[in-house]
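Residue 118 in numbering that gives the first Met the number 0 sits at position 119 of the sequence shown, and the numbers go up by one each step. Below is one structure, written out as structure tokens, with a few remarks after it.
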Amino acid sequence: MLKFLFIFILYFLDTLTWILIKFISGELLMKLLRKNCINKFSFRLKDKKIFLIKKKTREFCEKKSFFSSCLSKAISIKFIFDILNINNKLYFGISKHSNGKKVAHAWLVDPKAGKSITPGFYKDKGLTVYKF
0 MLKFLFIFIL
10 YFLDTLTWIL
20 IKFISGELLM
30 KLLRKNCINK
40 FSFRLKDKKI
50 FLIKKKTREF
60 CEKKSFFSSC
70 LSKAISIKFI
80 FDILNINNKL
90 YFGISKHSNG
100 KKVAHAWLVD
110 PKAGKSITPG
120 FYKDKGLTVY
130 KF
């Protein structure tokens with residue numbers, strides 16, 4: 000039941016974030032992301048729970064959603080991870096596809112392990128522009 004609730008919250012928050020991104024400027028979005036006012040509501044979880052949450056998060060990111068993007072997913076998951084006191088870093092980058100088209104991307108990384116929480120770039124395939 001809790002797994003279903005977690006996934007439902009992720010979908011709901013992802014959709015709200017996607018809508019918010021469409022209506023506010025990039026400058027305002029960056030200010031909101033830097034502010035990080037969530038620290039007041041943080042919880043402590045055991046390592047086993049954190050592992051399960053990261054696993055469910057990866058499963059969520061692999062599915063395509065109608066009102067979603069890599070940016071909305073990364074921001075939504077960062078918001079939840081900040082509340083749950085799970086270490087994360089948000090990355091913004093640019094990659095070039097085989098057809099030569101440049102594409103922007105956002106993803107979350109576990110700073111301790113150095114592994115991606117949400118799908119990101121391979122180190123030789125893209126350029127990280129900004130992280131926080």
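Beta carbons: idealized from backbone N, C-alpha and C, even for Gly. This one's a predicted model, so the numbers in the text were calculated from it and none came from an experiment.
**Prompt:** Just curious, the alpha helix (DSSP H) that L70 is in, first and last residue?
**Reply:** Numbered from 1 along the sequence shown, position 71 holds the residue referred to as residue 70. Unbroken alpha helix (DSSP H) run through L70: C69 to I82.
**Request:** Take the Cβ of N87 as the centre, count every other Cβ of all protein chains shown within 10 Å, and call the residue buried at 16 or more, exposed below.
**Result:** The residue given as residue 87 occupies position 88 in the sequence shown. Counting Cβ neighbours within 10 Å, N87 comes out buried, since at least 16 surround it.
**Request:** Can you give me the Cβ contacts of C69 inside the same chain, cut-off strictly under 7 Å, excluding the 5 residues immediately before and after it?
**Result:** Counting from 1 along the sequence shown, the entry for residue 69 is found at position 70. Contacts found: H104, A105 and W106.
**Item:** Bridge partner(s) assigned by DSSP for A105
**Value:** On the sequence shown, position 106 is the one that residue 105 refers to. Paired residues: F91.
**Request:** Report yes if the CB atom of F59 is closer than 7 Å to the CB atom of L9, and no otherwise.
**Result:** Position 60 of the sequence shown holds residue 59. Position 10 of the sequence shown holds residue 9. The answer is yes: Cβ separation under 7 Å.
**Message:** Out of S75, S94, P118 and N98, which one is the CA nearest neighbour of V128?
**Reply:** Stepping through the sequence shown from its first residue, residue 128 is reached at position 129. Looking at the Cα atoms, S94 is the closest of the given residues.
**Message:** Pop quiz: I116 and I76 are said to be a contact at Cβ under 8 Å. What is the actual Cβ separation, rounded to whole angstroms?
**Reply:** For the purposes of this step, residue 116 is taken as residue 117 along the sequence shown, with counting starting at 1. For the purposes of this step, residue 76 is taken as residue 77 along the sequence shown, with counting starting at 1. Contact holds; Cβ gap of about 7 Å.
**Asked** What separation, rounded to the nearest whole angstrom, lies between the Cα atoms of L15 and I74?
**Response** Counting from 1 along the sequence shown, the entry for residue 15 is found at position 16. Counting from 1 along the sequence shown, the entry for residue 74 is found at position 75. Roughly 11 Å separates the two Cα atoms.
**Item:** DSSP state of K55 mapped onto helix, strand, coil
**Value:** Against the sequence shown, residue 55 aligns to sequence position 56. Looking at K55 - three-state DSSP - the assignment turns out to be helix.
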